[in-house]
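All the letters of the sequence shown, read from the start, carry residue numbers 1 to 723 under full-length UniProt numbering.
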Amino acid sequence: MTIIFQPMDASWGLSFIGHFSYLEPTNTDSLIIEAKVGRKTASKSLRQTEPLESPGDVSQGVAPCATPENVELETHHSQSTSSLDNLDLDGLPSYAGSNGDDIYRCGYRRWRPDCLQVLNRPGVLVTFLASYSFVLGFLVNGVHNVNISTIERRFSLSSTRMGLVSSFFDISGSTVALIIGYFGSGKRKPRLLAITTLISAVGSLIMSSPHFLSESYRLGSATDQMLCKIDPIIRAESSIEASALRMSVLSVPSNLIDSNSRPAASYLLSAQTNKSQTYNSENLESQNIVDSLPCRHESSGVDDSEKNFGFLVFCILALSQLLHGVGGTALFTVGASLLDDSVEAQRTPLFLSFVYGANIIGSGIGYFVGGQLLRIYVDVDIFSGEEGAPPGLTDQDTRWVGAWWVGPFLAGVLQLLLCFPLSLYGFELPQARKVRLNRVSQAHSTSASSSSPNTVRPSCSWASLRHWVKLSLDILRNPCFTFVTLGMTTEAMFVSGSAAFLPKIVENQFNINASMAAFVTGLTVMPAAIFGLILGGYIAKRFKFTIRHILKFTITFCTLGLIGCSVLWIRCDPTEIFGIHKAYRGNSSSHAGQPVTLANSCNKQCNCETNFYEPVCSPDAGIFFSPCFAGCTNKDGNQYSDCSCVSLNHTYVDDVSLLGGQLSSENCRQSCKLLWVFAALLFLSMCATFMPIAPCDSVQLRCVPEEHKLYAQGIKTLVIRLL
1 MTIIFQPMDA
11 SWGLSFIGHF
21 SYLEPTNTDS
31 LIIEAKVGRK
41 TASKSLRQTE
51 PLESPGDVSQ
61 GVAPCATPEN
71 VELETHHSQS
81 TSSLDNLDLD
91 GLPSYAGSNG
101 DDIYRCGYRR
111 WRPDCLQVLN
121 RPGVLVTFLA
131 SYSFVLGFLV
141 NGVHNVNIST
151 IERRFSLSST
161 RMGLVSSFFD
171 ISGSTVALII
181 GYFGSGKRKP
191 RLLAITTLIS
201 AVGSLIMSSP
211 HFLSESYRLG
221 SATDQMLCKI
231 DPIIRAESSI
241 EASALRMSVL
251 SVPSNLIDSN
261 SRPAASYLLS
271 AQTNKSQTYN
281 SENLESQNIV
291 DSLPCRHESS
301 GVDDSEKNFG
311 FLVFCILALS
321 QLLHGVGGTA
331 LFTVGASLLD
341 DSVEAQRTPL
351 FLSFVYGANI
361 IGSGIGYFVG
371 GQLLRIYVDV
381 DIFSGEEGAP
391 PGLTDQDTRW
401 VGAWWVGPFL
411 AGVLQLLLCF
421 PLSLYGFELP
431 QARKVRLNRV
441 SQAHSTSASS
451 SSPNTVRPSC
461 SWASLRHWVK
471 LSLDILRNPC
481 FTFVTLGMTT
491 EAMFVSGSAA
501 FLPKIVENQF
511 NINASMAAFV
521 TGLTVMPAAI
531 FGLILGGYIA
541 KRFKFTIRHI
551 LKFTITFCTL
561 GLIGCSVLWI
571 RCDPTEIFGI
581 HKAYRGNSSS
591 HAGQPVTLAN
601 SCNKQCNCET
611 NFYEPVCSPD
621 AGIFFSPCFA
631 GCTNKDGNQY
641 SDCSCVSLNH
651 TYVDDVSLLG
661 GQLSSENCRQ
671 SCKLLWVFAA
681 LLFLSMCATF
691 MPIAPCDSVQ
701 LRCVPEEHKL
711 YAQGIKTLVI
721 RLL
């Protein structure tokens, strides 16, 4: 490429012909200009330390804009503006003249007013990225998880399908990560972020669309899933048997009472015989009850049209999660790379911690807001009452379906609003040029490849495919990048598992209810995660950690986090529950000679489910897993009656409450003071776990060549989401 410099001073009477080649700028790059004066040749090295005012001004030390290869550009001072207008801005490097500086200003095309340049700072950019991260966490990790059971009930979807819907977020992210990382290198990263944010916003609006595409919700028959759902015929027979036994026991003659004021064993045997006789004598009454019951038919559950619409809803939700995966992948790959381009290496961990912390805060608030939205009736836009629901229907009714669609719709609107400020940014932030010139490369030596996205332009050609394979192998052969990625994968396994099962572990190990367990877990884990992320980023910035320092820091706190996992061994003494710790007839599992199971002859006809753990108890009867597994058929507030398993567990009965099979759901969970010791130690363990995350992400940006870091982030995302 040849540039002719026309000097302003006519007394020079010379033409300078500069021959030079473009190199990716580093802290040692300089521009070599050969000036031919007659037969003599002089060379001068011009360091590019400041933005240059004009491509045609020799006195300022000219730094030309990059142009497509094999293009000859002839520049004169008076024609510098028209020359820049012909440049391909997407291929520009990060330095240009006064007219080229427009591509770094906020705005659109030629409209780049000064009032918008207040946004063109790293602090404002990280605010927008953190806001987008907050909204994404609010919806994907918060509201959506809360809505799963409600969507299953509303559209008759199975848990298997809803599990697939949730997995499509990771499937999309792992697939798109490599594409965005490879083809997005060298492009306008803010524009790419704005486009993917728009895609994610469309996904959120699509997620809420089944509510508007479906008819209003039709209520079914009211049932209590905690009670024994015994067949009416069997219930009639059981009530006759229980009545006969109760009458026999209540009419114990005084001469058959033993010294302990209990019925004699011989009379109990006689009572069993009388019960059988009474049952036979009342067969006619039982037959009359049976005849009065409606015929039982096999129910098809839902009709074909409802099944077809349910499958359509499944496809819509899967598509929305695919689009969310695109947005989330771009945020944590392109967004992280853009932040790293715009700030000094020591500040990158702190800025990344803000983005990751906002995602965690959004997840926690999503759980809270999603739960509150489910207390609003799903068709609130149809019913105009105070509750927005049909008269007499409350959120305690099993038929209740909450307003699950409001959360996704709100998240979609917020993402649309964030698209506008992100789309205002230019090629990159103005500070990026100075940051690159002053940055010292810390890339691993084996990662320095002669090929880069600048020499082989990404395309669908064989040359591009060969370059992609070579680039992937270069990054995977980087031991620093590979082992840090695997370490972050194990951290992600622990964090994901904790998010899913830690509340249930707390509930079972400390004998507290589900809402209290969720409260303790949220109060402990979320503040610990945010505090650990920000503290880790601040320490890396405060002490100006290099890669070697960050790796030592990571090893130290990962070891502390591993030791902190021993906190899961803390637990209260377990409460003995019938069907779990001991057999139903009062014998422990070690003496029963048979496996201990929740199902027993007293509840086998109740169709009980283990999804609902609600212990019921009485001081004399003991503790049962749920009213259903206790065989209870009636409920009055917190009191349950007609519990068939109560009388079964007692050979003799001397309490009227036991005769009626009465149990209560109050005071059946006996917790202990170790709960708060566990919470304090869990907080410290979670802090140690989250502290290395942001510094490790900056290591992965530092240990690969500058032009490969976006693609390296894509590989990291692929590995973590797959494993």
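Ideal placement from N, C-alpha and C gives every residue a C-beta, glycine not left out.
task = Starting from Asn-634, follow its DSSP beta bridges and name the residues at the other end.
result = If you number the sequence shown from 1, residue 634 lands on position 634. DSSP output for Asn-634 lists Ser-641 as bridge partner(s).
ask   = So what does Ile-623 bridge to, in DSSP terms?
value = On the sequence shown, position 623 is the one that residue 623 refers to. Bridge partners of Ile-623: Cys-617.
inquiry  = Does the region 393 to 408 come into contact with the region 138 to 155, if we say contact requires no fewer than three beta-carbon pairs (one atom in each stretch) closer than 8 Å?
reply    = These segments touch.
ask   = Residues in its own chain within less than 8 Å of Ile-623 by CB, not counting five upstream and five downstream?
value = On the sequence shown, position 623 is the one that residue 623 refers to. Cβ within range, chain order: Thr-575, Glu-576, Ile-577, Phe-578, Pro-615, Val-616, Cys-617 and Cys-668.
query = If you draw a straight line from the C-alpha of Thr-196 to the C-alpha of Gly-714, how long is it?
reply = Along the sequence shown, one-based indexing puts residue 196 at 196. Along the sequence shown, one-based indexing puts residue 714 at 714. Rounded to the nearest angstrom, the two C-alpha atoms are 15 Å apart.
CB-CB length for Gly-426 against Ile-693, believed under 8 Å = Position 426 of the sequence shown, counted from the first residue, corresponds to residue 426. Position 693 of the sequence shown, counted from the first residue, corresponds to residue 693. At roughly 30 Å, the Cβ-Cβ gap does not stay under 8 Å, so Gly-426 and Ile-693 are not in contact.
message = Using only CA atoms, which one of Asp-474, Ile-505, Arg-112 and Leu-139 lies nearest to Trp-569?
response = To locate residue 569, count along the sequence shown from 1; it is residue 569. With distances taken between Cα atoms, Trp-569 lies closest to Ile-505.
query = Of the choices Glu-609, Gln-639 and Leu-674, whose alpha-carbon is the least far from that of Arg-571?
reply = Here residue 571 refers to the residue found at position 571 when the sequence shown is read from its first residue. Ranking Glu-609, Gln-639 and Leu-674 by Cα distance to Arg-571 puts Leu-674 first.
task = Put Leu-476 into one of helix, strand or coil per three-state DSSP.
result = The count along the sequence shown starts at 1 and reaches residue 476 at position 476. Judged by DSSP in its simplified three-state form, Leu-476 adopts helix.
inquiry  = Assuming Leu-682 is part of the alpha helix (DSSP H), what are its boundary residues?
reply    = Numbered from 1 along the sequence shown, position 682 holds the residue referred to as residue 682. Leu-682: member of the alpha helix (DSSP H) spanning 674 to 690, first to last residue.
request  = May I ask you to report which of helix, strand or coil DSSP gives Phe-612?
outcome  = Residue 612 sits at position 612 when you count from the first residue of the sequence shown. The three-state reading of DSSP puts Phe-612 in coil, since its state is none of H, G, I, E or B.
query = Which value, in whole angstroms, describes the spacing of the CA atoms of His-444 and Glu-609?
reply = Taking the first residue of the sequence shown as 1, we reach residue 444 at position 444. Taking the first residue of the sequence shown as 1, we reach residue 609 at position 609. Looking at the two C-alpha atoms, the distance is approximately 56 Å.
query = Taking the Cβ atom as the reference point for each residue, do Leu-710 and Thr-333 lie within a distance shorter than 8 Å?
reply = Counting from 1 along the sequence shown, the entry for residue 710 is found at position 710. Counting from 1 along the sequence shown, the entry for residue 333 is found at position 333. In this structure, Thr-333 lies closer than 8 Å to Leu-710 by Cβ.
query = In whole angstroms, what separates the C-alpha of Gly-708 from that of Ser-472?
reply = What you label residue 708 is simply residue 708 of the sequence shown in a count that begins at 1. What you label residue 472 is simply residue 472 of the sequence shown in a count that begins at 1. Checking the sequence, you will find His at residue 708 rather than Gly. Using only the alpha carbons, I get a separation of about 10 Å.
key: Leu-560 to Asn-359 span [Cα, whole Å]   = For this step, residue 560 is matched to residue 560 along the sequence shown. For this step, residue 359 is matched to residue 359 along the sequence shown. Answer to the nearest angstrom: the Cα atoms are 24 Å apart.
inquiry  = Excluding the 5 residues flanking Val-691 on each side, which residues of the same chain have their C-beta closer than 7 Å to its C-beta?
reply    = Here residue 691 refers to the residue found at position 691 when the sequence shown is read from its first residue. First, the amino acid is wrong: residue 691 is Met here, not Val. Closer than 7 Å at the Cβ level, and outside the excluded window around Met-691, lie Gly-532, Leu-535, Gly-536 and Phe-557.
task = Give the straight-line distance between the Cα atoms of Cys-628 and Ser-216, rounded to the nearest whole angstrom.
result = Here residue 628 refers to the residue found at position 628 of the sequence shown. Here residue 216 refers to the residue found at position 216 of the sequence shown. The alpha-carbon atoms of Cys-628 and Ser-216 are separated by roughly 32 Å.
Collapsed DSSP secondary structure at Lys-604 in the structure displayed = The residue you call residue 604 lines up with position 604 of the sequence shown. In the structure shown, Lys-604 adopts coil according to DSSP, grouped into three states.
query = In whole angstroms, what separates the C-alpha of His-581 from that of Gly-564?
reply = Position 581 of the sequence shown, counted from the first residue, corresponds to residue 581. Position 564 of the sequence shown, counted from the first residue, corresponds to residue 564. C-alpha separation (whole angstroms): 29 Å.
ask   = Between Gly-335 and the rest of its own chain, which residues show a CB-CB distance below 7 Å, the 5 nearest in sequence each way excluded?
value = On the sequence shown, position 335 is the one that residue 335 refers to. Leu-129, Leu-193 and Val-355, listed in sequence order.
request  = Jot down the residue ranges of each uninterrupted alpha helix (DSSP H) in the region 112 to 144, minimum 4 residues, whole runs only, in chain order.
outcome  = Listed in chain order, the complete alpha helix (DSSP H) runs (minimum 4 residues) inside the region 112 to 144 are 122 to 136.
ask   = Quick one: is Ile-179 buried, meaning 16 or more other Cβ sit within 10 Å of its Cβ, or exposed?
value = Counting from 1 along the sequence shown, the entry for residue 179 is found at position 179. Result: exposed.
task = Report, in whole angstroms, the separation of the C-beta atoms of Leu-136 and Gly-328, which I expect to be a contact under 8 Å.
result = Here residue 136 is taken as the residue at index 136 of the sequence shown, counted from 1. Here residue 328 is taken as the residue at index 328 of the sequence shown, counted from 1. Confirmed, about 6 Å.
ask   = In three-state terms, what does DSSP make of Ser-43?
value = Your numbering for residue 43 matches position 43 in the sequence shown. Because Ser-43 carries a pLDDT of 40, less than 50, the predicted location of this residue cannot be relied on, and the following value inherits that uncertainty. In the structure shown, Ser-43 sits in a strand (DSSP, three-state: E or B).
inquiry  = Does Ser-174 pass the burial test, meaning 16 or more other C-beta atoms within 10 Å, or should it be called exposed?
reply    = Translated into positions along the sequence shown, residue 174 becomes position 174. Buried, because 16 or more other Cβ atoms sit within 10 Å of the Cβ of Ser-174.
Bridge-paired residues (DSSP) for Tyr-425 = The residue labelled residue 425 in the question sits at position 425 within the sequence shown. Per DSSP, none; premise fails for Tyr-425.
key: Pick from Gln-117, Trp-111, Thr-554 and Ser-200 that is closest to Ser-133, judged by C-alpha positions   = In the sequence shown, counting from the first residue as 1, residue 133 sits at position 133. Of the candidates Gln-117, Trp-111, Thr-554 and Ser-200, the one whose C-alpha sits nearest the C-alpha of Ser-133 is Ser-200.
Residue closest to Val-719, alpha-carbon to alpha-carbon, out of Leu-374, Leu-198 and Met-488 = Numbered from its first residue, the sequence shown carries residue 719 at position 719. Looking at the Cα atoms, Met-488 is the closest of the given residues.
task = Could you tell me whether the Cβ atoms of Pro-695 and Pro-349 are closer together than 8 Å?
result = In the sequence shown, counting from the first residue as 1, residue 695 sits at position 695. In the sequence shown, counting from the first residue as 1, residue 349 sits at position 349. In contact: Pro-695 and Pro-349 (Cβ atoms closer than 8 Å).
ask   = With DSSP run on the structure shown, which of helix, strand or coil describes Ser-320?
value = As a position in the sequence shown, residue 320 is number 320, starting the count at 1. In the structure shown, Ser-320 sits in a helix (DSSP, three-state: H, G or I).
inquiry  = Please classify Pro-479 as buried or exposed, where buried requires at least 16 other C-beta atoms within 10 Å of its C-beta.
reply    = Residue 479 sits at position 479 when you count from the first residue of the sequence shown. The residue is exposed, with fewer than 16 neighbouring Cβ atoms inside 10 Å.
request  = Check Lys-716 in the structure and name its three-state DSSP category.
outcome  = Position 716 of the sequence shown holds residue 716. Lys-716 sits in a helix when the DSSP states are folded into three classes.
task = List the endpoints of the continuous alpha helix (DSSP H) containing Ile-512.
result = Here the question's residue 512 lines up with position 512 in the sequence shown. Where Ile-512 is concerned, there is no enclosing alpha helix (DSSP H), given that its DSSP letter is neither H nor E.
inquiry  = Tell me which residues share the same chain as Leu-319 and place their Cβ nearer than 7 Å to its Cβ, disregarding the 5 neighbours each side in the sequence.
reply    = On the sequence shown, position 319 is the one that residue 319 refers to. Counting only Cβ-Cβ distances below 7 Å, and skipping sequence neighbours, we find Ile-206.
Euclidean distance between Cα positions of Ile-562 and Ala-492 = The residue you call residue 562 lines up with position 562 of the sequence shown. The residue you call residue 492 lines up with position 492 of the sequence shown. At residue 562 the sequence reads Leu, which differs from the Ile that was named. Going by the C-alpha atoms only, they are around 13 Å apart.
request  = Can you give me the start and stop residues for the alpha helix (DSSP H) that Arg-436 sits inside?
outcome  = On the sequence shown, residue 436 is found 436 positions in, with the first residue counted as 1. Judged by DSSP secondary structure, Arg-436 falls within the alpha helix (DSSP H) whose first and last residues are 431 to 438.
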